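Novice: What follows is a structure written as structure tokens; I'll ask about it next.
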Amino acid sequence: MYYNDNSHSGVDLSDGLFINFNERLEQLSSELRDVGVRLRRHLQFFFMNPLDKYRIRRQFPFKLVLQILKAIFVTTQLVLFAELRISHVDFLDETVTVMRHKFLKDWGPERDTIAYPPAAGKYSVFTSDQIVEHFAHIIKAVILSIYF
Numbered sequence: 001m002y003y004n005d006n007s008h009s010g011v012d013l014s015d016g017l018f019i020n021f022n023e024r025l026e027q028l029s030s031e032l033r034d035v036g037v038r039l040r041r042h043l044q045f046f047f048m049n050p051l052d053k054y055r056i057r058r059q060f061p062f063k064l065v066l067q068i069l070k071a072i073f074v075t076t077q078l079v080l081f082a083e084l085r086i087s088h089v090d091f092l093d094e095t096v097t098v099m100r101h102k103f104l105k106d107w108g109p110e111r112d113t114i115a116y117p118p119a120a121g122k123y124s125v126f127t128s129d130q131i132v133e134h135f136a137h138i139i140k141a142v143i144l145s146i147y148f
């Protein structure tokens, strides 16, 4: 079926690099020839793709279906994990934004940009008095959130 007798046509086989297996089989005894032919058929079947195996034996390719199902399950699992991870990251970002609005003094929505450090304005460079002022504001906000 898959063996082509003319596969080496035009190639000089006398140099010993190529073997004509049909000639070698003909040189064997009938018992060994039958074993060789049977081995050839087994090897041809072993290296067939699942569709050809189904055409020959009419046997359902369950191993192929199992591999496809595994690929589908792993892909689904990865997609679900990625969705959970993205929602977790979004939650953390929103929490950081809420904490900034709650605990940092004079924090406004214009400060919620991604660029850090800000190029101008408050929260770019501090003096020592400003740092003390901001820490006092943070402590006051924490105390208010705990007791009230």
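Take the sequence shown: its position 123, counted from the start at 1, is 123 in UniProt numbering, and no numbers get skipped.
The C-beta atom is built at its ideal place from N, Cα and C for all residues, glycine as well.
The structure displayed is predicted, hence computed values, not measured ones.
Jot down the residue ranges of each uninterrupted alpha helix (DSSP H) in the region 50 to 98, minimum 4 residues, whole runs only, in chain order.
Specialist: The qualifying runs are 50 to 57.
Novice: For proline 50 and phenylalanine 81, what's the separation of their Cα atoms in angstroms?
Specialist: Whole-angstrom Cα-Cα distance: 32 Å.
Novice: Does the distance between the C-beta of aspartate 106 and the nearest non-hydrogen atom of the ligand GTP fall short of 6 Å?
Specialist: Questions concerning the ligand GTP fall outside what the structure shown contains, since it holds no ligand whatsoever.
Novice: When the Cα atoms are used, what is the spatial distance from histidine 8 to alanine 71?
Specialist: Low per-residue confidence applies at histidine 8: pLDDT is 49, beneath 50, and the placement is therefore not dependable enough to give any value.
Novice: Using the C-alpha atoms, what's the distance from aspartate 93 back to phenylalanine 62?
Specialist: Going by the C-alpha atoms only, they are around 46 Å apart.
Novice: Whole angstroms is fine: what's the gap from tyrosine 3's alpha carbon to arginine 33's?
Specialist: Residue confidence is low: tyrosine 3 scores 48 on pLDDT, short of 50, so the model does not pin down where it sits. Its coordinate-derived value is still stated next. Distance between the alpha carbons of tyrosine 3 and arginine 33 is about 16 Å.
Novice: Under DSSP, the alpha helix (DSSP H) around isoleucine 19 begins and ends at which residues?
Specialist: Segment: none, isoleucine 19 is in no alpha helix (DSSP H) and carries neither H nor E.
Novice: Where isoleucine 131 and histidine 137 are concerned, what is the direct C-alpha to C-alpha distance, given to the nearest angstrom?
Specialist: Spanning the two alpha carbons is a distance of roughly 10 Å.
Novice: Suppose you measure from the CA of tryptophan 107 to the CA of leucine 144; what does that come to, to the nearest Å?
Specialist: Near 17 Å, if we compare the C-alpha coordinates of leucine 144 and tryptophan 107.
Novice: Looking at phenylalanine 91: is its Cβ nearer than 7 Å to the Cβ of alanine 141?
Specialist: Cβ distance not < 7 Å, so phenylalanine 91 and alanine 141 don't count as in contact.
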